[in-house]
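Q:
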Amino acid sequence: MDSNTITVGVLCIQGAFIEHIHKLTTLSSTDKHRDLTITIVEVREPGQLSDLDGLIIPGGESTTLSVFLRKNEFEQTLKAWISDKQRPGVVWGTCAGLIILADDVVGQKLGGQVTIGGLNIQCTRNMYGRQNKSFESAIKLHHPPLHAAQPTSAPPPFPLADDECHGIFIRAPGILKVNSPDVKVLASVNDDNIVAVQQDHLIATSFHPELTSDFRWHSYFVDQIKQHRYPQY
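28 is the number of the first residue of the sequence shown in my numbering; add one for each residue after it.
So, in structure tokens, the structure goes:
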């Protein structure tokens, strides 16, 4: 396997998958990742998972996403792919994707959402309100690798400190509890509300980095893929 080539899938069912694809496409032209070839796969079938190094599960309506995942054994295939110890794929869930990756979801709708699990956290749907309560905010970064300045396509809408980034919250889920020391808190908002976590090869954000001009989260995701797939480098 070539450490300068990775294959990243984006689950293209709903949500801002086009924006995620655009971020990944643009990333390889930045100085940091100029020597990296990123092959992007628009994932709509479970059989597409086996060749991936990483997968993004975008936001959207978690119930709609669950209906899709229950078809064609997608849920079972995704669980098996995530838990494959021989070839662990890095998964990043944004917004509804966070709910899918959480071990414990409070306030599920009747019938419940599919939860692939793997992140030892408790979360709740729509913690910050409905669509009309969507907001933008500075996010406090707690993980130094995320502090590094990244290229932006436009300046943020408000001043940011070196350890902050721009966050967009749309019907965002909330992380109520971190239930294991293995879960790393990556970011928070309003002092103590956790909005980004990582456990081994699973990453989740309750906000939408793909809708901002900042590339740092996609850059971090790609770095994690290289570290997990090619630990010798």
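We put the beta carbon where it would ideally sit given N, CA and C, even for glycine.
At the level of alpha carbons, what is the spacing between Glu191 and Leu168?
A: Here residue 191 corresponds to residue number 164 of the sequence shown, with the count starting at 1. Here residue 168 corresponds to residue number 141 of the sequence shown, with the count starting at 1. Roughly 5 Å separates the two Cα atoms.
Q: Using 8 Å for Cβ pairs, my map puts Ile127 next to Gly120. What's the rounded Cβ distance?
A: Position 100 of the sequence shown, counted from the first residue, corresponds to residue 127. Position 93 of the sequence shown, counted from the first residue, corresponds to residue 120. Contact flag correct, Cβ pair sits at about 6 Å.
Q: Pairs of beta-carbons, one from the stretch 42-59 and one from the stretch 235-253, closer than 8 Å: are there three or more?
A: These segments touch.
Q: Is Asn220 helix, strand or coil by DSSP?
A: The residue labelled residue 220 in the question sits at position 193 within the sequence shown. Looking at Asn220 - three-state DSSP - the assignment turns out to be strand.
Q: Give the straight-line distance between the Cα atoms of Ser240 and Pro182, rounded to the nearest whole angstrom.
A: As a working mapping, residue 240 is identified with position 213 in the sequence shown. As a working mapping, residue 182 is identified with position 155 in the sequence shown. Taking the straight line joining both Cα atoms gives about 7 Å.
Q: Between the alpha carbons of Ala129 and Cys150, how many angstroms are there, rounded?
A: As a position in the sequence shown, residue 129 is number 102, starting the count at 1. As a position in the sequence shown, residue 150 is number 123, starting the count at 1. In a straight line, the C-alpha of Ala129 is about 7 Å away from that of Cys150.
Q: For Ser77, I'd like the list of residues in its chain whose CB is within less than 8 Å of its CB, leaving aside the five on either flank, ordered along the chain.
A: If you number the sequence shown from 1, residue 77 lands on position 50. Answer for Ser77: Trp108, listed in chain order.
Q: What does a CB cutoff of less than 6 Å around Glu237 pick up in its chain, not counting 5 residues either side in sequence?
A: Position 210 of the sequence shown, counting from 1, holds the residue named residue 237. For Glu237, where only same-chain residues beyond five positions count, the Cβ hits under 6 Å are Ala43, Glu46, His47, Lys50.
Q: Report the three-state DSSP secondary structure of Gln251 (helix, strand or coil).
A: Your numbering for residue 251 matches position 224 in the sequence shown. DSSP places Gln251 in helix when its eight states are reduced to three.
Q: Between the stretch 188-202 and the stretch 216-230, can you find at least three pairs of beta-carbon atoms closer than 8 Å?
A: The stretch 216-230 is in contact with the stretch 188-202.
Q: Please report the straight-line C-alpha distance between Lys112 and Leu79, rounded to a whole angstrom.
A: Here the question's residue 112 lines up with position 85 in the sequence shown. Here the question's residue 79 lines up with position 52 in the sequence shown. Cα to Cα, the separation comes out at about 14 Å.
Q: Would you call Gly134 buried or exposed, if buried means 16 or more other Cβ atoms sit within 10 Å of its Cβ?
A: If you number the sequence shown from 1, residue 134 lands on position 107. Exposed.
Q: Given that a residue counts as buried once 16 or more other Cβ atoms are within 10 Å of its Cβ, and exposed if not, what is Pro186?
A: Start at 1 with the first residue of the sequence shown, and residue 186 comes out as number 159. Pro186 should be labelled exposed.
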